[in-house]
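The block underneath contains the structure these notes are about, expressed in C-alpha cells.
Protein chains: 4
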Amino acid sequence: MGGSGYVGGELLRLLVCHPACELQTVTSQRYAGEPLYRAHPNLRGLSALRFQEPNIEAVVASSDLVFTALPHGESIKIVPDLLQRGLKVVDLTADFRLKDPSAYKEYYGFEHQRPELLQKSVYGLPELHRAEIQGSQLIAVPGCMATAAILGLAPPVSDGFIDAGRIVVDVKIGSSGAGVNPTIASHHSEHSDGVRPYKVTGHRHIAEVEQELTGVGHGDFVKVAFTPHAVNMVRGILATAHAFTRGNPTERDVWKSYRARYGSEPFIRMVSDKKGLYGLPNPKVTVGTNFCDIGFEVDTHIQRLVTFTALDNLTKGAAGQAVQCFNIMTGVNEQTGLNAPGLHP
Amino acid sequence: MGGSGYVGGELLRLLVCHPACELQTVTSQRYAGEPLYRAHPNLRGLSALRFQEPNIEAVVASSDLVFTALPHGESIKIVPDLLQRGLKVVDLTADFRLKDPSAYKEYYGFEHQRPELLQKSVYGLPELHRAEIQGSQLIAVPGCMATAAILGLAPPVSDGFIDAGRIVVDVKIGSSGAGVNPTIASHHSEHSDGVRPYKVTGHRHIAEVEQELTGVGHGDFVKVAFTPHAVNMVRGILATAHAFTRGNPTERDVWKSYRARYGSEPFIRMVSDKKGLYGLPNPKVTVGTNFCDIGFEVDTHIQRLVTFTALDNLTKGAAGQAVQCFNIMTGVNEQTGLNAPGLHP
Amino acid sequence: MGGSGYVGGELLRLLVCHPACELQTVTSQRYAGEPLYRAHPNLRGLSALRFQEPNIEAVVASSDLVFTALPHGESIKIVPDLLQRGLKVVDLTADFRLKDPSAYKEYYGFEHQRPELLQKSVYGLPELHRAEIQGSQLIAVPGCMATAAILGLAPPVSDGFIDAGRIVVDVKIGSSGAGVNPTIASHHSEHSDGVRPYKVTGHRHIAEVEQELTGVGHGDFVKVAFTPHAVNMVRGILATAHAFTRGNPTERDVWKSYRARYGSEPFIRMVSDKKGLYGLPNPKVTVGTNFCDIGFEVDTHIQRLVTFTALDNLTKGAAGQAVQCFNIMTGVNEQTGLNAPGLHP
Amino acid sequence: MGGSGYVGGELLRLLVCHPACELQTVTSQRYAGEPLYRAHPNLRGLSALRFQEPNIEAVVASSDLVFTALPHGESIKIVPDLLQRGLKVVDLTADFRLKDPSAYKEYYGFEHQRPELLQKSVYGLPELHRAEIQGSQLIAVPGCMATAAILGLAPPVSDGFIDAGRIVVDVKIGSSGAGVNPTIASHHSEHSDGVRPYKVTGHRHIAEVEQELTGVGHGDFVKVAFTPHAVNMVRGILATAHAFTRGNPTERDVWKSYRARYGSEPFIRMVSDKKGLYGLPNPKVTVGTNFCDIGFEVDTHIQRLVTFTALDNLTKGAAGQAVQCFNIMTGVNEQTGLNAPGLHP
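In order, the protein sequence lines correspond to chains A, B, C and D.
Numbering of the first sequence is given in our numbering, commencing with residue 14 and proceeding in unit increments.
Numbering of the second sequence is given in our numbering, commencing with residue 14 and proceeding in unit increments.
Numbering of the third sequence is given in our numbering, commencing with residue 14 and proceeding in unit increments.
Numbering of the fourth sequence is given in our numbering, commencing with residue 14 and proceeding in unit increments.
Printed below as a string of C-alpha cells:
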C-alpha cells in the first residue's frame, strides 16, 4: 500500500523478481489505473501490474502480508485493521518504531492513538532483533539514517568502549531521502553542487537511535548529537560517528567487537582496509544493494573512535530491510532477492 | 582477461552470479594477487577470487571460453592463439569488429595483421546477428555508442524511411566510457557541470555504424555525421539521431517498422509514450541493465525523423551485450543473468 | 519587475554593482516585503533592498527603464502601459520577440493582442541588431537556446556555406533553464545523472531562430530541426549545429566568415583550437559570464559543418544580454558590469 | 610563481582585473610559453600574458610582491631568497603556517630548515591577525579547511562557551581541493555520487586549527577531532563543528559572541536565520566569492553547540584570502577586487 513513492518503488523493484513473493495488489491514489512503470520507469517491461485505488477489502482478500509505504501518520489509521483481520504487516513509516508513546508527541507532534501496538511491534533491524522479527505480526522498519547510526555504533556501545553521553553522528544523505514530491529543497538547481544542513537539532531519527543504542548498552542512557546534511547525490547515506573512548580501546579491541557482533551477518561488510580508494565505507558502492558497510579508525590524538557507516537509504535504509524482514518472517533464506552486486563505477 | 578496468568489472559483476558460468581465472597485470574487490569494491563479499597474472597456458587449461576486455590492439595479439587451441572468445575490443581491413588503417591507425579473422568473427549484436552468434567461435562485441546508433536506426534504414546519406548522430555519454585510467579530461573538477564535445569528426565508431547500417539497408552506402559529447553522468549513453525522411512516413509507419524488427527482442523497449517524465528514452533508467530503450518522433516541420536510443555503455554497450552473446552461444535463455530491474531514482 | 525568479535574480546580481544603474524598485508578488536575499541568497550582504508588490505607478515614479522578467504572456499586459508613459523596457519574455503575429498562435498558443508593438520592438541580440537597439524603446531579449543557435549559425548561413533547409540543432541545457518553480522534471533525484530529451519537435525557440537566420541569409527560408536535452548541470547551454555544406567551404573559409562578423564583438570568443581540453566550447567555462564561445569543425567524410556554441543560459542567454542591451541603450561601454572572468574549475 | 594549478588559476582570475595589481610575471614549468588560457580556459580573452619558466631573477627584476602557489615544501626553497632581496611574499603553501618547527616533522614529515622564518611569517587570517598582516613581509595563507574551522570556532572558544578539549570538526569538501593533477580519487566516475572519508585522523590542517584556536582561547590547549569527507561538488567546504557547551550559553549569548568578533568583518556573513532554504550556510552560495558564511544552533538535548562554516576552498580558502591579505598589505580597501556577488543558482 502506497506504492508510487520512492520507497514503494524500491520495494516493487525487489519484489517483482522475488521468488517467495507473489505480488497481488499495489495501491496508489495518484496513479490508480496506470501501469507501474508510469511511476517507476525502471519497471517498464518487467511487470504488467497496474496501480489500484487503496481498498482494504481488496487487499485483505488477496494477500497474506502487506507492506505499507505511506506518509508518517497514515499507517496508524490502517494497520490496526489489517492486523485484526489476521494479516502480517511490514510497515515502512515511523508509526510503530518507538516504544515510548510520549516520544511521538515530542518528535512527531501527535498523540499516539494505539500505544498498545507499540509493545507488539518489532523494530525491524535484523542485526539486533532477528528472533523477534521471525514471530512477529507487525514490523516497524527503521528509519534510513537511524539504521546507519545504530548499526555503526551498536558494537562499541555494547562493549562499553565509548562515552555514551556524548556521541556525535554527522550524516550525509542523498536527495532521494526527501521523497518523490518536488520541493524547492530538492529542486535540481538548488540541491546540486551544495551541502545543506537541515533539521540540525531535534531530528526525528534521534528517538530511534537512542532507544536502540540504549537497548544494547549497559544501563547508561545513550545520547546522540545528530545532524544531517543533504549532499549532491541521489541515493546513499554516510553516517560518520565521532565518539570519545573510554578505557583506551585499541584498534584490535574494536575489530573484535565488530566481528563478535556482525561476524555472520549477511548484509554487513567491514570495510576498514586503510588501503585503496574504497578502504573505508562510501555509500556509492552500496547503491541498490542491501549492504551496510562499516569502517572505523581509533584517533589517539584525542581519544576518539570515528566510525563510518554507508548504505543505500532506499534499500538497507528502507525497502531492502523490509524484504530482509519479510524473508525472516517467511522462513526463506535471508538473502533471497537481495543478493545482486551493486554497481561500480 | 583484462579484468581490472570498468568493462572487466562490469563483466565480473554479471558473471559472479551467472548460473551458467563458472568463473575460473581473472587476469590483471596491475592487480595480480589482489582480491577482485580491490579494483571493484562492489564485489566485496561476493567473490573470493583474486586477480592473476595474464598467462595463456593457465587460461587455456582452466577454461572453455574467454572474455577479453583489453585495450584496443591487444586482443589481436592473444586471440588467434586462444582460437587455435579451441577456445571460444568473446572479445570486447574493436580488433575484430570491422570487416574491411583497410578501415583499421583509417580509423585505428594500424595495419590489421590477421585480416582472415575479420571474416570469421561475428559482430556481436544479437538483434542483427543472433543466428551467426550462436555458432561462432569469435564474437566482436560492438562499441557502446555504435550499439546505440545502430539499434536506433536499423529499422528506419532497413525500411527506407530516411535519407541514408545524411544521418546525424549526436551522442551524449557519461564519464565511465573513458575508462578507469585518470586523465585531465575525466578529472572530476573538469568533467563535472559541463558538456564537452570530443572527437567531433572521424570518431572510430563511425566505421562500425556505417558497416552495420549499410548491411541492413538497400544498397545505398549509409553515411553518418557522428559527434559525441561527454556529459556530467557516470554511466549512460543517449544517442539522438536526426534523419531526413523519404516518402513521408507517418508515425504509425515508423512504429510498425520498429515493432516488426524488435517486437520479440528481450532487451529492446520501445519508449515513445509522449506522456510522463520518462515518455522518451533516458539513459538514467537503463543504468546497470542490458536494456536498450528506443523512442522517436516524426517532425513534420522539416521532414525529419528524430530517434532516441538510451543504454548503459558498460552493460548493453559492452559487458551485458557480451553476456547476452555468451548466453546465445551456450544455449541458455538469452536473459540469464541479465534480468534484474534497473534503479529508480 | 518579476525579480524573484532565476532570470530576475541574475539581473539583480549584475545590477547591484553596475555603475550606470541605480536600482530603485524590485517587484515580486511572492516575496513582497522580504529582503532580496530571501530569494537570492548570493545577494546577502550586498543589497539592502526589499521586494515590493508590483505597482506600475510606483515603478513609473521611480524609474526611467524597466526590466521585465515575468512569465511569458504577462509582459504584454504591462509593457504597453510602461511604454506609453515614456519608460524604456527591456523585456525578458517572448512576448515581443517574433515579428509575425501568427507565430504566437502557432508556437505560444495565444492571439497576440498588440501586433503593432512587434514592429516597434527590437530583437535584443547586439551582434545582429546593435544599431537598432541603441535607439529603441522596447527590447525583446532573445531566448537562451535561440541565442546560442543564432550566434553559432549566422556567419555560415550569411555566407551561404550551408544548406539552409536542413540544419540540425541539438541542444544540451542545464536545469536552471526550467526556472525556479519545482516540478518533477527538475526534481534532483529525477534530473541527476540523466539526459532527458524534451519538446523534441516544435519547440518555441524554433520561431526565433528561423526568423533571425532567415534575416541574415540570402532569401532562402531557413529551417531548423531543433531538439533540446536536459542534462545534469545547473547553468549552461551547448548548442551543437550539424549543417550540410554547400560549395565545399574549407576550414579557412569558415574561420574567415566568423572573423568577419565577430572580429570585434566583445562577448564572442572563437574557441576552435583543437588543442587542450578546452579546445572547443564547453558551457562550464562560460558560467556566470556574458561570453558566447563558438567553435567548429569541417567534416569532409560527409560534407558537414559542425558548430558548437556555449553560453550561460541565465547570463548571455537572458540577464547578461539584457544588461548588454541596456549598456548600448544608455551609451556606456558595452562591457560595463559584464567583465568579470568566469570560474575554473 | 606556480600559476598553472587551481589555486594559481584562482589568483589569476582575481588579479587580472584587480585595480591595485599589475601582473608582471606568471610562472609555470609545465606551461611555459603558453597563454594563460591554456591552463585556465576562463581567462581566454581576458589576459594576453603567457606563462614563463620559473626564474627568480626575472621575478625579482619585475616585481615588488610575489604570490607563491607551489606544492607544499617547495616554497621554503625559494621564499628566503625572495625575502632577502626585499620582496614581499604571500605564500599559499603550508611552509610558513606553523609556529612550532617540530609540528612540521609530525604533520608534514620533514625537518623545517628555516625555523626562524616561522617567527617572522604572519598567519594570513585577517579576522585574527589583521594588524600583523599590515606590516608583514611574509604571509602564510591558511589552509582551506583550517580557515573554515578556525573562523567558525574562534568566537565560542574565545568566550569560553565550549569544552575546548573535545571539539569535533566534520568537513565536507569539493573535488577542487585535491588540485589539478588527475588521480583515481578525483576521477569523475569514482568521485561522483559518493561521499568518501579520507585522512580521517591526523590530517595536516589539525596543526593550524589547534594553533590558532589555542591562540584565541584561555590557556587550555584546544584539541580537535577532525575528519574530512570528499563530496560530489567541485568548489566549496562546509565545516560542521560539534562542540559540547560549558555554562549553558543561550542562543543569544552565542549570537553576541559572533557579533562582537565579526560585526565589522567585510567577508563574514552570519547566516543563522532558521528560515528559508538558505537559512544556514551552504557552500554553494559562496562559490567564487571571498565570503565565509557562519551559522549555528544550540542543542539543548545534549548541551551541544553546532556551528556551520561555508566558504569556497579556492577563494576564501586560498586565493581570495591571499588577495585580501595583499589588499591589507598595500593599504587599499580590503574588499578591492573581491566584491563581486556569487551565483545563484
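Backbone N, C-alpha and C fix where the C-beta goes; we use that ideal spot for every residue, glycine too.
No experiment lies behind these values; they were computed from the predicted model shown.
Below-9 Å beta-carbon distance, residue i vs any chain B residue
i, result
"residue 247/C", "yes"
"residue 195/D", "yes"
"residue 189/D", "yes"
"residue 271/D", "no"
"residue 257/C", "yes"
"residue 30/A", "yes"
Rounded distance between the beta-carbons of residue j and residue i, thought under 8 Å
i, j, result
"residue 355/D", "residue 299/D", "6 Å"
"residue 331/A", "residue 23/A", "6 Å"
"residue 329/D", "residue 304/D", "6 Å"
"residue 195/C", "residue 197/A", "5 Å"
"residue 253/C", "residue 210/B", "7 Å"
"residue 20/A", "residue 107/A", "Their Cβ separation, rounded to whole angstroms, is 12 Å, which puts residue 20/A and residue 107/A out of contact at 8 Å."
"residue 39/A", "residue 25/A", "7 Å"
Classification of residue i by the beta-carbon crowding that lies within 10 angstroms, buried from 16 upward
i, result
"residue 68/D", "exposed"
"residue 42/D", "exposed"
"residue 202/C", "buried"
"residue 77/D", "exposed"
"residue 346/B", "exposed"
"residue 186/A", "buried"
"residue 57/B", "buried"
"residue 101/C", "buried"
"residue 297/A", "buried"
"residue 334/A", "buried"
"residue 249/A", "buried"
Short CB-CB distance (under 9 Å) between residue i and chain C
i, result
"residue 284/D", "yes"
"residue 160/B", "no"
"residue 169/B", "no"
"residue 134/A", "no"
CB contact check: residue i to chain D, cutoff 9 Å
i, result
"residue 262/B", "no"
"residue 88/C", "no"
"residue 50/B", "no"
Beta carbon proximity, residue i to chain A, threshold 9 Å
i, result
"residue 2/D", "Nothing can be reported for residue 2/D, as the shown portion of chain D is limited to 14 through 358."
"residue 128/B", "no"
"residue 208/B", "no"
"residue 241/B", "no"
"residue 265/D", "no"
"residue 17/C", "no"
"residue 205/D", "yes"
"residue 329/B", "no"
Beta bridge counterpart(s) of residue i as assigned by DSSP
i, result
"residue 411/C", "Residue 411/C is absent from the model: chain C starts at 14 and stops at 358."
"residue 305/B", "281/B"
"residue 136/D", "153/D"
"residue 180/A", "237/A"
"residue 23/B", "Partner(s): none; residue 23/B has no beta bridge."
Which whole runs of the beta strand (DSSP E) in the region 144–175 of chain A are 3 residues long or more, in chain order?
-> Listed in chain order, the beta strand (DSSP E) runs fully inside the region 144–175 of chain A are 151–153, counting runs of at least 3 residues.
Which runs of the alpha helix (DSSP H) fall wholly inside the region 321–354 of chain A and span at least 4 residues, in chain order?
-> Within the region 321–354 of chain A, the complete alpha helix (DSSP H) segments at least 4 residues long are 333–343, listed from N- to C-terminus.
In chain order, which continuous runs of the alpha helix (DSSP H) of length 4 or greater are located wholly inside the region 30–96 of chain B?
-> Runs found: 49–52, 69–75.
Counting only runs that start and end within the region 185–214 of chain D, where is the beta strand (DSSP E) found for 3 or more residues in a row?
-> Fully enclosed beta strand (DSSP E) runs of 3 or longer: 208–210.
Counting only runs that start and end within the region 220–292 of chain A, where is the alpha helix (DSSP H) found for 4 or more residues in a row?
-> The qualifying runs are 264–275.
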